[in-house]
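J.: First residue of the sequence shown? That's 0 in numbering that gives the first Met the number 0, and the numbers climb one at a time after it. Glycine is no exception: its CB is placed at the ideal position from the N, C-alpha and C atoms. Take a look at this one; I'll ask things after.
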Amino acid sequence: MHVDLTTPHARALGEVLSELGSWQRDGLPVQLHPGDLGWQWRFGPAALAGALRVWTANGTVVAIGLLDEGSLVRMGVAPSADQDEGLARILLRDLEDPARGVLTGDKPIVEARFGTVFRSLLRRRGWIDDEPWTPLVRDLRSPVETPRVRVETVGHERVADRVAVQRAAFDRSTFTAGRWTVMSRSPAYRHARCLVGYDDRDNAVAAATVWSAGEGRPGLLEPVGVHRDHRGRGYGTAITLAAASTLRDMGASSATVVTPTSNAGAVATYASAGFRRLPAVTDFALVR
Numbered sequence: 000m001h002v003d004l005t006t007p008h009a010r011a012l013g014e015v016l017s018e019l020g021s022w023q024r025d026g027l028p029v030q031l032h033p034g035d036l037g038w039q040w041r042f043g044p045a046a047l048a049g050a051l052r053v054w055t056a057n058g059t060v061v062a063i064g065l066l067d068e069g070s071l072v073r074m075g076v077a078p079s080a081d082q083d084e085g086l087a088r089i090l091l092r093d094l095e096d097p098a099r100g101v102l103t104g105d106k107p108i109v110e111a112r113f114g115t116v117f118r119s120l121l122r123r124r125g126w127i128d129d130e131p132w133t134p135l136v137r138d139l140r141s142p143v144e145t146p147r148v149r150v151e152t153v154g155h156e157r158v159a160d161r162v163a164v165q166r167a168a169f170d171r172s173t174f175t176a177g178r179w180t181v182m183s184r185s186p187a188y189r190h191a192r193c194l195v196g197y198d199d200r201d202n203a204v205a206a207a208t209v210w211s212a213g214e215g216r217p218g219l220l221e222p223v224g225v226h227r228d229h230r231g232r233g234y235g236t237a238i239t240l241a242a243a244s245t246l247r248d249m250g251a252s253s254a255t256v257v258t259p260t261s262n263a264g265a266v267a268t269y270a271s272a273g274f275r276r277l278p279a280v281t282d283f284a285l286v287r
């Protein structure tokens, strides 16, 4: 098998998004989603393109990797390649060889939640379990309950609230109005919405961004957060319900979200919003 490994040009990002969207299917493990790329787009198209690795066979995209901080790659594998051992061996070769420019550092980590043969080969080659993550899914064939807070879709007039919640929900967040604007102008955001929830005093208390992969496909919640000053009051459940309802209105078949298994509060919040907890999955780590 001849497989080419490339870094896409920024102009090709739309094609990568489309291909990745076509791989999202109900019943398959939750893997790299167009929304993951859309959220990364806040740093600009050139930065996103530089963080992507694309594997093609005979001109067809068969795998996509999103680099995160140099030592982690988040993988998406075409459903048609689930049992392709030849591809799995090529992916592993490229991931294990620092000269290939995919992974660096003393402890490279691979997020590989799909690709039966690929995951098996990682284990056989000595990659060990790293941090466990819990996927959760909500079927959207039935209407979603109405949240108990006022929820608004973010346009330019509400960007400040969206940014404020993000930075108060995640201690290391570098989100800004400028980065929201860059993200909102991307082709990925044509199939996305940012939501902000308000309490009865008009305080912005929670926020979420939802990403569609197309009609009849699973959508993604990424990210979801509650302002640190307003936790423990049910706002996480409320914004999650609003996010699921928005995805349903956009034609998504289901809503998916993934959170560290260690974050028991987040897992409980999503479950309280009607999400079904799936078995935990681990990243793969290699100690050189």
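1. Under 6 angstroms Cβ to Cβ from D128, same chain only, skipping five residues before and after it: list those, please.
2. CB S211 to CB G250, shorter than 8 angstroms?
3. Using the C-alpha atoms, what's the distance from L121 back to S244?
4. Taking three-plus beta-carbon pairs below 8 angstroms as touching, is the segment 255-264 in contact with the segment 140-160?
5. Taking A205 and I238 to be in contact with their CB atoms under 8 angstroms, please state how far apart those CB atoms are, rounded to whole angstroms.
6. Would you list the one or two residues that DSSP bridges to T258?
7. From the DSSP output, which residues share a beta bridge with G64?
8. Can you grab the Cα-Cα spacing for the pair R140 / A254, in whole Å?
9. Under the rule that 16 or more other beta-carbon atoms within 10 Å means buried, what is P107, buried or exposed?
10. Can you give me the Cβ contacts of P217 inside the same chain, cut-off strictly under 8 angstroms, excluding the 5 residues immediately before and after it?
11. Taking W292 and A279 to be in contact with their CB atoms under 8 angstroms, please state how far apart those CB atoms are, rounded to whole angstroms.
12. Which value, in whole angstroms, describes the spacing of the CA atoms of R227 and Y197?
13. Have a look at P186 and R157 and give me their C-alpha separation to the nearest angstrom.
14. Please confirm if D248 has its CB atom under 8 angstroms from at least one CB of chain B.
15. Could you tell me whether the Cβ atoms of V15 and G64 are closer together than 8 angstroms?
16. How is D96 classed by DSSP in three states: helix, strand or coil?
17. Between the Cα of A56 and the Cα atoms of L19, L246, T103, V2, which residue gives the shortest distance?
18. Have a look at G215, G264, R124 and flag the residue whose alpha-carbon is nearest the alpha-carbon of L246.
T.: Taking the geometry as given:
1. Cβ contact annotation for D128 (same chain, cutoff 6 angstroms, sequence separation greater than five): T281, in chain order.
2. Judged by beta-carbon spacing, G250 lies within the 8 angstroms limit of S211, meaning their Cβ atoms are closer than that value.
3. 37 angstroms
4. no
5. 4 angstroms
6. Its beta-bridge partners are T133.
7. R52, M74
8. 10 angstroms
9. Classification of P107: buried, given that the 10 Å Cβ count is 16 or more.
10. Q23, R24, D25, V29, H32, V136, A251, S252, S253, A254, T255
11. Any property of residue 292 remains undetermined from this structure, which presents the chain solely from 0 to 287.
12. 14 angstroms
13. 21 angstroms
14. Judged by its chain identifiers, the structure shown contains no chain B, having just a single protein chain.
15. The answer is no: Cβ separation not under 8 angstroms.
16. coil
17. V2
18. G215
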